[in-house]
Amino acid sequence: MTRGFYIGRFQPYHNGHHTMIEHITSEVDELVLGIGSADVSHTVRNPFTAGERIMMLTKAVREFERENDLVTYVVPIEDIDRNAVWAGHVESMCPDFDVVYSNNPLVIRLFEEDGIEVRQSQMFNRERLEGTDIRESMIDGDPWRDRVPDPVVDVVEEINGIQRLRTIAQDDVVDRWEADENSL
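In terms of UniProt numbering, the sequence shown opens at residue 1 and continues consecutively.
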């Protein structure tokens, strides 16, 4: 049995992540999905909570579990901001795994230094499937739903995620103060 590990912030989980997991399922029997920066939410860069991202991943990967008899574990991983011990921190939070899947140079380096095999894959439609662009589309009211799996759309709508993103993206404090000063 082979257990793999794939980590991302998943802000939100999108079709690039989904294609990567589809690729991974052909190589492993079980997959640990690490939700990075689990302690951060309600910012434009990290708008969704760890719990909301757990919902996104759990619902989106059900098709792989059914089709490939895959077992998945979704594990929130808090940031520790100490790269030298980060891989060990991740390992302490997760079920044991045999191989890591990542294209992030730092993640690759840290796990390799820790003696764990890392496999890379091609990036899938990276120019269109990038979390920052998807979040900007959500804020601007541009199309985004076709870039994430349907269960993710359902979660974002359930939690009113678009409104949250638009609210936290606002920079109206200056406008409010200027309006108050002008009314004096």
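Even glycine gets a Cβ: it sits at the ideal position worked out from N, Cα and C.
Unbroken beta strand (DSSP E) run spanning residue i, endpoints
i	result
residue 238	Given a span of 1 to 184 for the chain in the structure shown, any question on residue 238 remains unanswerable.
Ile35	Glu30 to Ile35
Val99	Val99 to Tyr101
Arg119	Glu117 to Arg119
Cut-off 7 Å between Cβ atoms - residues of its own chain near residue i, not counting five sequence neighbours on either side
i	result
Pro143	Ser137
Thr49	Ser41
Met55	Val155
Ile80	Trp86 and His89
Residues that DSSP places opposite residue i in a beta bridge
i	result
Gly8	Ile35
Arg135	Partner(s): none; Arg135 has no beta bridge.
Gln76	Gln is not the amino acid found at residue 76; the sequence shown has Pro there. Answer is Ile35.
Val40	Beta-bridge pairing links Val40 to no other residue.
Residue burial classification, residue i (beta-carbon count within 10 angstroms, cutoff 16)
i	result
Arg176	Reliability of the predicted coordinates at Arg176 is poor, the pLDDT of 48 falling under 50, and the value obtained from them is presented with this limitation in mind. It is exposed - the Cβ of Arg176 has fewer than 16 other Cβ atoms within 10 Å.
Asn46	buried
Val32	buried
Asn15	buried
Thr25	buried
Thr167	exposed
Pro105	exposed
Gly51	exposed
Heavy atom of the ligand SAH within 6 Å of residue i beta-carbon
i	result
Glu112	Looking for the ligand SAH in the displayed structure turns up nothing, as the structure carries no ligands at all.
Beta-carbon proximity list for residue i, same chain, < 8 Å, skipping 5 on both sides
i	result
Glu65	Val71 and Thr72
Glu22	Phe64
Val44	Arg135, Ile139, Leu165, Ile168 and Ala169
Range of the contiguous alpha helix (DSSP H) that encloses residue i
i	result
Gly88	Asn83 to Met93
Ile162	Gly161 to Ala169
Met20	Asn15 to Thr25
Pro151	Asp150 to Glu158
Tyr106	Note that residue 106 is Leu in the sequence shown, not Tyr. First-last of the alpha helix (DSSP H) with Leu106: Pro105 to Glu113.
Distance between beta carbons of residue j and residue i, contact taken as under 8 Å
i	j	result
Asn83	Leu110	6 Å
Asp69	Gly88	Not a contact, Cβ separation roughly 31 Å.
Val153	Arg145	5 Å
Sequence-distant residues of its chain with Cβ nearer than 6 Å to residue i (five each side left out)
i	result
Cys94	Val32 and Val75
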